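S.K.: The working numbering puts the last residue of the sequence shown at 168; the count rises by one with no breaks.
We put the CB at the ideal spot given by N, CA and C, even for glycine.
Fair warning: this is a prediction, and the values are worked out from it, not measured in the lab.
Please see the structure below; I have some questions.
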Amino acid sequence: FHDRDGGFTARPRVYALADSADLDPVTFQPVVGPDYDHPRLLGFFVHGAPYKLFGLLPADRHLFGSLDGQPVHFLGTDKFGRDVLSRAIHGSRVSLMIALTVVFIITVIGTTVGMVSGYFGGRFDVWMQRFVELVLAFPQLPLYLALTTLIPVTAPTNVFLAFVIIVMSALG
């Protein structure tokens, strides 16, 4: 949201990095800085590279990007020119899926236990509350580490992930 003079502008933009004619006096490398002469205006739901939505529907709309169709890399690129943001999102798929699965299972279990406890009430409700407090009193990280040692090293990845989901749901 900053223009060339450092002032505020309401139009979001990105400046590409460019080499200047100046050299760094210590490393004798060209000084790299923003190219204020060629700003890339940003927008939502812009046209871009074609892809298939869910692997089925052809589309070319992207959530955000530059209005002129040039690629925008918000976290930059690696040394091979690959977008770091998309690689981070792609790499977090398994962790996010485990987290969402555990949250769903914990919600179902907690709601069910709470409804049953509230339905019967009285002493049963008090005992259920004390049991839940007992489970939550254990430190979770050492308990998770101890329970993961039960799985053999040769176990397939799917078995390990399923065990992690079960343990985290049970102790959540």
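Would you call the CB atoms of P26 and Y11 closer than 7 Å?
M.R.: Not a contact, by the Cβ cut-off of 7 Å.
S.K.: Nearest-angstrom Cα distance between L52 and L13?
M.R.: The straight-line gap from Cα to Cα measures roughly 36 Å.
S.K.: Between the Cα of G2 and the Cα atoms of L19, P30, G87, which residue gives the shortest distance?
M.R.: Checked all of L19, P30, G87; the closest Cα to G2 is P30.
S.K.: Is the beta carbon of A55 sitting closer than 7 Å to the one on L49?
M.R.: For A55 and L49, yes; Cβs fall inside 7 Å.
S.K.: Throw me the rounded Cβ distance for the I105 and S165 pair, which I believe falls under 8 Å.
M.R.: The pair is a contact, with the Cβ atoms about 7 Å apart (cut-off 8 Å).
S.K.: Quick check on G169: buried or exposed, where buried means 16 or more other Cβ atoms within 10 Å of its Cβ?
M.R.: Outside the shown range of the chain (-3 to 168) lies residue 169, about which nothing can therefore be said.
S.K.: Can you look up L91 in the DSSP assignment and give me helix, strand or coil?
M.R.: In the sequence on display, residue 91 carries Ser and not Leu. The answer is helix: DSSP assigns S91 an H, G or I state.
S.K.: Checking 7 Å against the spacing of the C-beta atoms, do L37 and R0 come in under that value?
M.R.: No, they are not a contact pair.
S.K.: Please state the DSSP three-state secondary structure of P54.
M.R.: The answer is strand: DSSP assigns P54 an E or B state.
S.K.: For V22, is the classification buried or exposed, using 16 other Cβ atoms within 10 angstroms of its Cβ as the cut-off for buried?
M.R.: By the 10 Å Cβ count, V22 comes out exposed.
S.K.: L132 lies in the alpha helix (DSSP H); which residues open and close that run?
M.R.: That run of the alpha helix (DSSP H) goes 118 to 133.
S.K.: What's the gap between the Cα of R78 and the Cα of S88?
M.R.: About 16 Å.
S.K.: Would DSSP call G39 helix, strand or coil?
M.R.: Here G39 sits in strand by DSSP.
S.K.: Alpha carbon to alpha carbon, how far is V109 from F116? Give it in angstroms, no decimals.
M.R.: If I take the Cα positions, the gap works out to 11 Å.
S.K.: Classify V28 as buried or exposed, calling it buried when 16 or more other Cβ atoms lie within 10 Å of its own Cβ.
M.R.: With fewer than 16 Cβ atoms within 10 Å of its Cβ, V28 is classed as exposed.
S.K.: Hey, could you find the ends of the alpha helix (DSSP H) A166 is sitting in?
M.R.: First-last of the alpha helix (DSSP H) with A166: 153 to 167.
S.K.: Using beta-carbon positions only, say whether L171 and F70 come within less than 7 Å of one another.
M.R.: There is simply no residue 171 to check, as the chain begins at -3 and stops at 168 in what is shown.
S.K.: When we look at the beta-carbon of V163 and count the other beta-carbons within 10 Å, is it buried (16 or more) or exposed?
M.R.: Buried, since its Cβ has 16 or more Cβ neighbours within 10 Å.
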